[in-house]
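Read top to bottom, the protein sequences are chains F and H. Here the first sequence is numbered in my numbering, starting from 1 and rising by one per residue. Here the second sequence is numbered in my numbering, starting from 1001 and rising by one per residue. Glycine residues also receive a C-beta, built at the ideal position from the N, C-alpha and C atoms. Report on one structure; see the data block that follows.
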Amino acid sequence: MKIQFNGENLLPGILGNIFIALSISAALMAAISYFMSTRNKTGDKGWKRLGRIGFILHAVGVVGAIITLFYIILNHHFEYQYAWQHTSRELPSKYVFAAFWEGQEGSFLLWSFWHVVTGLILMGTARKQESYLMTVVALAQVFISTMVAGAIIQIPGLIDYKIGSNPFILTRLHPSTSAMPILQNPDYLQILDGRGINPSLQNYWMTLHPPMLFLGFALTLVPYAYALSGIWRKNYTEWFKSAIPWAFAGIAILGAGILMGGAWAYEALNFGGFWAWDPVENSSLVPWLTLVAGAHLLLIRKNNGTTLFLTYFLIFLTFVLVLYSTFLTRSGVLGDASVHSFTDLGMTGQLLIYLLFFIWLPILMIIQKKSLRYGYLMLSVIMLIAGALFHVSPLIKILYLVFAGVSLALAYLQAKQAFPSSTSSEHVLSREFFLFASGLVLLISVIHLSFETSKPVINKLIGTQYAPGNVEAYNQVQGILAVIITLFIAVTQFLQYRENNLDVFWSKIMRSIIVAAILTFSAGIIFQEFRNPKYILLCFTAGFAVLANADFIFRYQRKNLKKAGASLGHIGFSLIILGAVVSGGHKKFISQNTSQINLEALNADFRNNENIMLHYGDTLPMLNYFLSYQGDTLIGNVANYRVDYFESKNGKLEKAFTLYPKLILNDRMGNSPEPATKHFLFKDIFTHVTYVDLENLNRKKQQAIPTYSEPQHFSIQDKDTIFGSRFFIVFDGLQSFTDLNDQSYNDSLYIGLNAVFSVFDARGNKIDEVKALYEIKGNYAFSTPGIGEKAGLKIDVERINPASRSIDANLSELQGGRLSNFIIMQAIVFPGINLLWTGCILMIIGIFISVINRISNRS
Amino acid sequence: MKKSHIVLILVIAGAIGLAFYSLQSSETYASFREASAHPDKIFHVVGKLNLEKEMVYNPLEDANLFSFYLIDKEGKENRVWLYKTKPQDFEKSEQVVVVGSMKGDGFHAKDVLTKCPSKYSDAQTQEVQ
């Protein structure tokens, strides 16, 4: 029997699907029209115009689908599975963006959106290269748009394949939810609530990090398209100038996106650090490295021969690696190896085709002879069909491997024929040679990282059992490469193109070398953090790079800020390396357990004392501090553990600061801890609750009712702020809910006022609003305290002073519950982490200065 | 032979060497049986928890020691000593990967990865109020 469901709003779904269909077909139309326009040499603008119309229609489709999905999420239309899975009624509306791109479909739409934006800018600015570039962009969009198609292709007995995963599927039709019994109820929408976002993703970084990262990904498509158009038009270096600003903007944005991920991990996740060499982190770092290498090679004025080949290789590789990263994180192949990969939505094959297509395209284009090109095209089609039919047989794997090898060899030979060969003799001591060599060093770094990250793929292909690499192994290899790279960063700017005199070169860099050596040496004497022999070399080279680039700005660019972009960017990058080495290499667990060393230590190698147990009220010494656990407070579903840090001054303990590490309780998705960090200029103290006894939590909740603190008296004017121990509170003013004009002065005088307060947490997120009621009835004033449930505080208005336009009030905060009699915690000191953040900011500012400088010089 | 070619060849050789080195030195997934055969090597053992046997975590005595029983993919059970705190929600994990080596009768782990069933794929088992 068919059930008639009530209250479903089916229109957005229909609209959404129309938009998706429009985006796919219009992208296809744009790709074909732009392609035809490249073949037309007569100057007829017809095809080009059609291509433009196609791409604009495509943009309408993408934006329309995005708006529709936002509408569904924002209004909690749980009849749609995407809304059900990623939002819930209680989810604060500020997480609507996070909910939008938490799922694969939404993040594909986000990526698609940035491609549309870059495509539209290219359309307006690329002039005679427009048709070539836009063919590539539109082709990429055909692929990405189909990722959200959700169409099923069926040829009985042969093919049964679902293309893409559609975000507009109804909850009762979606394979993962259709079995829910509640969906048999015709009025299910009245009672259904969504699942919401995983609590560890309910964070403002989740709003910022993905769009930044995807914009960075989108920007890598532009250099790819330019490089392809270079081969296509057999004009191999003309496009460099136009592509440079795009490539460097990509470095800045993708870099910012990656660093935001690191900041997120450091601030709010429990990695205990900034970077963990997780496969997903690596897979976005790798295209950044190739982009950095490729973009710097674009700067070489007479780029030819092997260098030119490397330039093309790196630029193509960048976008291919972006696709590979997408493949790794979304196909489910990483599975157990990473904490933040998506689950498999059955798109592995589709993602693979996307990846292979954009590897194959440059190979096809570089083939010079027409007959050879068509031959290769035919061969590829045969390979594709063979793969689709016999993809399980081991023979096909070998065949594919041979095909890949032949293709690469062919590409190399053809490129050698096509590219202008180097005419003049090469000088090792020249800027172009140093850029070439540093590009190769970055390439080694990339090969190592990709190899490590691809272990799950290798396991799948050849049945090995390699486990993900450990942090130490990564640090070792990448540390050595970082030494070489920072050396290149330090010296390359002091070299001219072509020939250089070695003595002049030495005299230019000598000063920085000496100063850097003195600084490293004295830092090693003063701070023990710099004394680790493993890292001292990298400290020196990174410091040298900072100084040499600063020197370059002051001595050779006459402090001209416009031209200082590159040097500033290099200073930033070197500071990032320095900060990572100092803070990561010398992070110190101060929560060492000194009192209870287990003598029966079973395995001395793995012994660790990183976690320490603190009883309620206990005070334990840790490094320069004394730590005390002062109870917990459950506010909403967040348990706040109060840890006081004391310092010993003149033999007395004085409180230095208080931290509230948290545990976000969530029955359905697992509890997620959130560390708390105290920031100082030269170090951070990171505090993280690793274990609490959560058994019988509900019973304990009853017993351990937190109490309000002694009221704290304050006077406040409109828009002023007072500080609680966890929050800051802004007085928004008085609201009257009685109309004064209606009242006459007699005994029945009644005035009702609400004092409204907004409560913000330390990050500036508004988390609560408190309304304290103040009433005047005749000659008496009555006050009813306002309670902020989420913030756990109570405000009581004592008096209103019309003369000074202020109010007197009392604030009490919930504190000192005893949900847990003890906590197990970690405290880590990160020295010099601010070097890293300063570096991040300088690098991005530096790159943007140089990008803007290049754009304004061109026009 | 140009200098850039020489550098290129050196780099390719270096990269291949590095790749082999990283594979050679890579830790591998294994079963308890294999780990017993090479007690000096570090392995990653994938398995399921035995919830019927005791899990011992006594932070009063040692906050950095936790023990439990794990059944590997071959069905062999072994006691695991983890030198860390007990992971939160440990009992709920669907799959556990322990990193360490076999010493005597027990597997000694320096690290653990748990996979919870909750994150994305359990829509069918969700209760809805």
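Check whether the Cβ of residue i lies closer than 8 angstroms to any Cβ atom in chain H.
{"i": "F521/F", "result": "no"}
{"i": "I860/F", "result": "Residue numbering for chain F in the displayed model covers 1 to 859; residue 860/F lies beyond these limits and cannot be assessed."}
{"i": "A437/F", "result": "yes"}
{"i": "G670/F", "result": "yes"}
{"i": "F434/F", "result": "no"}
{"i": "I687/F", "result": "A small correction: the amino acid at residue 687/F is Thr; Ile does not occupy that position in the sequence shown. T687/F does not count as touching chain H."}
{"i": "N608/F", "result": "yes"}
{"i": "Y691/F", "result": "yes"}
{"i": "N640/F", "result": "no"}
{"i": "L440/F", "result": "yes"}
{"i": "V292/F", "result": "no"}
{"i": "F822/F", "result": "yes"}
{"i": "V428/F", "result": "yes"}
{"i": "T68/F", "result": "no"}
{"i": "L401/F", "result": "no"}
{"i": "T306/F", "result": "yes"}
{"i": "N185/F", "result": "no"}
{"i": "L868/F", "result": "Residue 868/F lies beyond the stretch modelled for chain F, which goes from 1 to 859, so this question has no answer here."}
{"i": "N611/F", "result": "yes"}
{"i": "N598/F", "result": "At N598/F, the pLDDT of 49 sits below 50, so the modelled position is not reliable; the number obtained from the coordinates is stated separately. At least one chain H Cβ lies under 8 angstroms of N598/F."}
State yes or no: is the beta carbon of residue i nearer than 8 angstroms to at least one beta carbon in chain F?
{"i": "G1047/H", "result": "no"}
{"i": "S1026/H", "result": "yes"}
{"i": "V1007/H", "result": "yes"}
{"i": "A1041/H", "result": "Per the sequence shown, residue 1041/H should be read as Lys rather than Ala. Answer no: the Cβ-Cβ gap between K1041/H and chain F never drops below 8 angstroms."}
{"i": "A1130/H", "result": "Here chain H has residues from 1001 to 1129 only, and residue 1130/H is not among them."}
{"i": "A1013/H", "result": "no"}
{"i": "H1044/H", "result": "yes"}
{"i": "L1051/H", "result": "no"}
{"i": "L1018/H", "result": "yes"}
To the nearest whole angstrom, what separates the beta carbons of residue i and residue j, a pair I think is in contact under 8 angstroms?
{"i": "G294/F", "j": "A225/F", "result": "The pair is not a contact, with the Cβ atoms about 14 angstroms apart (cut-off 8 angstroms)."}
{"i": "Y34/F", "j": "T118/F", "result": "About 15 angstroms; that fails the 8 angstroms criterion."}
{"i": "Q465/F", "j": "A1037/H", "result": "That pair is no contact at about 14 angstroms."}
{"i": "L133/F", "j": "S37/F", "result": "That pair is no contact at about 12 angstroms."}
{"i": "F714/F", "j": "A809/F", "result": "6 angstroms"}
{"i": "Y1069/H", "j": "K1110/H", "result": "Actually they do not touch by this definition, with Cβ atoms about 18 angstroms apart."}
{"i": "D693/F", "j": "S591/F", "result": "No, D693/F and S591/F are not in contact; Cβ-Cβ is about 18 angstroms, not under 8 angstroms."}
Tell me the start and end of each unbroken beta strand (DSSP E) in the region 542-592 of chain F that is at least 3 residues and wholly inside, in chain order. none
Runs of beta strand (DSSP E) lying entirely within the region 750-812 of chain F, each at least 3 residues, in chain order: 750-760, 766-777, 780-784, 786-788, 793-801
Given 8 angstroms as the limit, is there contact between the region 615-634 of chain F and the region 818-828 of chain F, that is, 3 or more CB pairs closer than that? yes
Select from the region 448-479 of chain F all residues with a C-beta closer than 9 angstroms to any C-beta belonging to chain H, and list them in chain order. H448, F451, E452, K455, I458, N459, T464, Q465, Y466, A467, P468, G469, N470, A473, V477
If contact means a Cβ-Cβ distance below 8 angstroms, which residues of the region 1063-1080 of chain H contact chain F? A1063, N1064, L1065
Quick one: any contact between the region 512-525 of chain F and the region 539-546 of chain F, if contact means 3 or more CB pairs under 8 angstroms? yes
Counting Cβ pairs, one atom from each stretch, are 3 or more of them under 8 angstroms apart for the region 497-513 of chain F and the region 607-618 of chain F? no
Can you confirm whether the region 412-430 of chain F touches the region 293-311 of chain F when touching is taken to mean that 3 or more C-beta pairs between the two stretches lie within less than 8 angstroms? yes
At 3 residues or longer, and completely inside the region 121-209 of chain F: list those beta strand (DSSP E) runs for me, N to C. Listed in chain order, the complete beta strand (DSSP E) runs (minimum 3 residues) inside the region 121-209 of chain F are 151-155, 159-163.
Could you say if the region 247-267 of chain F and the region 207-216 of chain F meet the contact criterion of at least three C-beta pairs nearer than 8 angstroms? yes
Only counting runs of 4 or more residues, tell me where the alpha helix (DSSP H) segments fall wholly within the region 485-540 of chain F, in order along the chain. Considered as a whole, the region 485-540 of chain F harbours 502-526 as its complete alpha helix (DSSP H) runs of no fewer than 4 residues, in chain order.
At a CB distance below 9 angstroms, what residues from the region 1088-1111 of chain H approach chain F? Give them in sequence order. Q1088, D1089, K1092, Q1095, V1097, V1099, G1100, S1101, K1103, G1104, G1106, H1108, A1109, K1110, D1111
For the pair the region 750-764 of chain F and the region 731-738 of chain F, tell me if three or more CB-CB distances fall below 8 angstroms. The region 750-764 of chain F vs the region 731-738 of chain F: in contact.
Could you name the residues of the region 613-645 of chain F whose beta carbon sits closer than 7 angstroms to any beta carbon of chain H, in the order they occur along the chain? M613
Looking at C-beta atoms only, is the number of pairs between the region 160-167 of chain F and the region 346-361 of chain F that lie closer than 8 angstroms three or more? yes
Do the region 799-815 of chain F and the region 662-677 of chain F make contact, defined as three or more Cβ pairs closer than 8 angstroms? no
Would you be able to state if there are at least three C-beta pairs under 8 angstroms between the region 440-460 of chain F and the region 397-407 of chain F? no
Complete beta strand (DSSP E) runs within the region 89-126 of chain F (minimum length 3 residues, chain order): Scanning the region 89-126 of chain F from its first residue to its last, no whole beta strand (DSSP E) run of 3-plus residues comes out.
Counting only runs that start and end within the region 346-389 of chain F, where is the beta strand (DSSP E) found for 3 or more residues in a row? none
Sufficient close CB pairs (3 or more, under 8 angstroms) joining the region 547-562 of chain F to the region 474-494 of chain F: yes
Alpha helix (DSSP H) runs wholly inside the region 413-443 of chain F, at least 4 long, in chain order: Listed in chain order, the alpha helix (DSSP H) runs fully inside the region 413-443 of chain F amount to none, counting runs of at least 4 residues.
Those runs of the beta strand (DSSP E) which lie wholly inside the region 221-294 of chain F and span at least 3 residues: none
Quick check for students: name the residue ranges of the alpha helix (DSSP H) that lie wholly in the region 30-56 of chain F, counting only runs of 4 or more. none
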